[in-house]
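Residue 228 is where the sequence shown ends in this note's numbering, and the numbering goes up by one at each step. A quick write-up on the structure given underneath.
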Amino acid sequence: MKPRVLILYYSFSNQTQRVATVMQEAFQQRDWDADVCQIEFIDPRYRIEFPFRPVGRKLLRWLWPQLRGKTGDVRVSGDVLARDYDLICLGSPTWWLNPAMPVVSFLRSPAAGQLLHGKRFAVFAVCRKAWWNNLRQVKKLACRQGGTFVAGTAFCFAGGEIQSMLSFISYMQYDTDRDRCCGVRIRPFGVGDAGLAHAREFVGELADTIAPFTPPPHQDATH
Ligand SMILES: Cc1cc2nc3c(=O)[nH]c(=O)nc-3n(C[C@H](O)[C@H](O)[C@H](O)COP(=O)(O)O)c2cc1C
6 MKPRVLILYY
16 SFSNQTQRVA
26 TVMQEAFQQR
36 DWDADVCQIE
46 FIDPRYRIEF
56 PFRPVGRKLL
66 RWLWPQLRGK
76 TGDVRVSGDV
86 LARDYDLICL
96 GSPTWWLNPA
106 MPVVSFLRSP
116 AAGQLLHGKR
126 FAVFAVCRKA
136 WWNNLRQVKK
146 LACRQGGTFV
156 AGTAFCFAGG
166 EIQSMLSFIS
176 YMQYDTDRDR
186 CCGVRIRPFG
196 VGDAGLAHAR
206 EFVGELADTI
216 APFTPPPHQD
226 ATH
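Right, here's the structure in full:
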């Protein structure tokens, strides 16, 4: 029997999805049975069409509820909830220094307990720059649902804080890469080739670490 992995993620502007797809291919090349599933954010209160202008006002619709710890309605395919995985990889974009609201919404739901209880999990954060708290929060929530943390990593955009912010703003407005934003030369939006190579390496580390048919050790959910 092949070891089984689920890569479960949310993605608004496709970068987490790109990483998830590369990870799926890398697992399959190692002869793993690899499922990919996107968390659907179906809550009409937080719907935003993409691309959009002006960027600030629309994105701020997510800021206040997220900072107050609000969650929204999400959906995950019943098929993956019913399957038994040796490893679950959780992919989360950063929103306002935290995991994206759809990821938090899922991880706080009973469905997350059904999926994660007694299972090993890994976390990958995708963002412009601020990955640390995102990864930490996802780890904490998944441990609370009975999962055992194996490893975590982050995929960040190229360039500095300002450059990546301008790339982000430009992409949100036009849904395509442009040379300049506000008169300043900018880098391409998103996770670059080096990031995707890192995704393949991360899969290698996970696959080498996991002995799929031994039960995960007990882990305390409080830290
Ligand atoms: C509402 C919102 C808030 C964001 N806040 C941050 C942030 O605080 N720090 C950061 O580094 N990136 C932030 N980003 C950038 C995203 O992390 C980045 O665009 C990433 O590609 C999102 O993943 P996705 O493409 O899979 O949706 C934010 C993006 C959105 C849409």
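Note that the Cβ used here is the ideal one computed from N, Cα and C, for glycine as well.
CA-CA distance, ILE53 to LYS63, rounds to 7 Å.
Judged by the Cβ position, SER16 qualifies as a neighbour of ligand 1 at the 7 Å threshold, a heavy atom of the ligand being closer than this.
In this structure, ligand 1 has a non-hydrogen atom nearer than 7 Å to the beta-carbon of LYS134. Distance from the CA atom of LEU68 to the CA atom of GLN20, rounded to whole angstroms, is 20 Å.
For VAL131, the distance from the CB to the nearest heavy atom of ligand 1 is below 7 Å.
With contacts defined by Cβ atoms closer than 8 Å, GLY118 and GLN150 form a contacting pair.
A distance below 8 Å between beta-carbons, with the five flanking residues on each side excluded, links ARG66 to the following residues of its chain, in chain order: TYR51 and ILE53.
In this structure SER110 is in contact with THR76, their Cβ atoms being roughly 4 Å apart against a cut-off of 8 Å. Each residue's CA atom was taken as its position, placing ILE44 and LEU146 some 16 Å apart.
Excluding sequence positions up to five before and after ALA116, its CB lies within less than 7 Å of the CB of VAL81 and LEU86, all in the same chain and listed in chain order. Counted as a single uninterrupted DSSP element, the alpha helix (DSSP H) harbouring THR214 occupies residues 198-214. Placement of the Cβ of GLN33 at a distance of 7 Å or more from every heavy atom of ligand 1 is found. Remark: the shortest separation between the CB of LEU64 and any heavy atom of ligand 1 falls under 7 Å.
Nearest C-alpha to VAL79 among MET106, ILE93 and VAL131: MET106. Under DSSP, the beta-bridge partners assigned to ARG185 are ARG190. Taking the CA atoms as reference points, ALA204 sits about 14 Å from CYS132.
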